[in-house]
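In numbering that gives the first Met the number 0, the protein residues as written are 0 to 275.
Using N, Cα and C, we set each Cβ at its ideal position, and we do this for glycine too.
This report concerns only the one structure given below.
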Amino acid sequence: MALSPGLGALSKLPPELRELIWLEFLPVGGRCDTQKTAKADLRVLQVSKCLYTEIACLLYPKTTLHFDLSPSFSAHPSLWCMVRFTSRHRDGGGAVWRLESNIDKRSHRFDNFPFHKIESLTVSFSAPDPRKPCQLFWLWRNSVRTTELLKKALSVPPLTIQLVRTETHNWLEATHTRRGNARLEGSRDYDLLVAPFYTLLNLKSITIKAPSEDVARKMDWTFIHWLDGILSERTDRPCGVENNFGRELYGKVMPACFWVHVESTASPGLKRWTSY
0 MALSPGLGAL
10 SKLPPELREL
20 IWLEFLPVGG
30 RCDTQKTAKA
40 DLRVLQVSKC
50 LYTEIACLLY
60 PKTTLHFDLS
70 PSFSAHPSLW
80 CMVRFTSRHR
90 DGGGAVWRLE
100 SNIDKRSHRF
110 DNFPFHKIES
120 LTVSFSAPDP
130 RKPCQLFWLW
140 RNSVRTTELL
150 KKALSVPPLT
160 IQLVRTETHN
170 WLEATHTRRG
180 NARLEGSRDY
190 DLLVAPFYTL
200 LNLKSITIKA
210 PSEDVARKMD
220 WTFIHWLDGI
230 LSERTDRPCG
240 VENNFGRELY
250 GKVMPACFWV
260 HVESTASPGL
270 KRWTSY
């Protein structure tokens, strides 16, 4: 068996045995707790480029990250989202991280995460209460912050956005008037929450999943289908941040996000949410 200098003494071990060792570095966790966050010691990845390549090629390709942007966490205003790490290498729940709005805390966890190496990405939204504008604004804020994180990646893996129903709300109740943009008149909450993700120039695939087939049939998909069309056109001709087509995409999508901010901040009792 040929020895690899980059692996040092570990190269003496059979690849199958090394694989079992590397799998022990998979982050694991228990219950999803908004007060706690998982800790994973992956300093072994910094030992050498050769070691990093072997471990990364095993751990990342069968990995999915789930970003939960649920409004049920609104009791913690600084909370941005909960991220769950799951891998097809291991059954059961994976590690859970709590991401807060604090920039310093965030930079130590996911700002440099190799999103381009993982298999897939999932973002979930629980239906907000249409009688409480703060929930929609809070969700939209977290949606924008998630896209700000993802736009730093070399590329974003296939993204699935899951619309989750709650015991009392199913996404079909609220329709909003978007002043100043005829295309957004009568748009739904889900339109405004998924729109920021279509501005990601490093993303090629988005799938929107409704809570059920019945809800999917009753949803108005007009705006989302329009966004899908823009995304499809863009992926047919690569563009960077400075590309005119990329700026056009950004300019068409962001008005939806702007108006939810304007309308939500005009509602009483919302000032404490807008400062985060």
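- Excluding residues up to 5 positions away in sequence, 116, 117 and 118 lie with their Cβ nearer than 8 Å to the Cβ of residue 60 in the same chain.
- Judged by DSSP in its simplified three-state form, residue 66 adopts strand.
- Contact annotation: residue 78 and residue 146 have beta-carbon atoms that are not nearer than 7 Å.
- Assignment of beta-bridge partners to residue 134 by DSSP yields no partner.
- By the CB criterion at 7 Å, residue 114 and residue 155 fall inside the cutoff.
- Remark: C-beta atoms of residue 162 and residue 170 approach each other more closely than 7 Å.
- Just so you know, the alpha carbons of residue 222 and residue 208 end up roughly 15 Å apart.
- A straight line joining the alpha-carbon of residue 213 with that of residue 172 spans about 14 Å.
- In summary, residue 206 is exposed, with fewer than 16 beta-carbon neighbours lying within 10 Å of its beta-carbon over all protein chains present.
- Rounded to whole angstroms, the separation of the alpha carbons of residue 94 and residue 82 is 8 Å.
- The beta carbons of residue 215 and residue 165 sit about 17 Å from each other, so the pair does not count as a contact at 8 Å.
- One Cα belongs to residue 51, the other to residue 148, and the distance between them is close to 23 Å.
- In this structure, residue 49 and residue 66 do not form a Cβ contact; the two beta carbons are roughly 32 Å apart against a cut-off of 8 Å.
- Cβ-Cβ distances below 7 Å link residue 151 to 110 in the same chain, with the five nearest sequence neighbours on each side left out; the list follows chain order.
- For residue 97, the beta-bridge partners assigned by DSSP are 81.
- Judged by their CB atoms, residue 138 and residue 68 are nearer to each other than the 7 Å cut-off.
- If you look at residue 208, you'll find it in the beta strand (DSSP E) that goes 205-208.
- Annotation for residue 234: 203 place their beta carbon closer than 6 Å to its own, counting only its chain and skipping 5 residues before and after.
- In the DSSP annotation of this structure, the continuous segment of the beta strand (DSSP E) that includes residue 122 starts and ends at 119-125.
- A direct Cα-to-Cα measurement between residue 58 and residue 133 gives close to 39 Å.
- Taken through DSSP and simplified to helix, strand or coil, residue 164 comes out as coil.
- About 6 Å separates the beta carbon of residue 84 from that of residue 64, a gap short enough to meet the 8 Å contact definition.
- Within the same chain, and ignoring the five residues on either side of residue 160 in sequence, the residues whose Cβ sits closer than 6 Å to its Cβ are 122, 193 and 207.
- Taken through DSSP and simplified to helix, strand or coil, residue 158 comes out as strand.
- With distances taken between CA atoms, residue 191 lies nearest to 136 out of 231, 232, 217 and 136.
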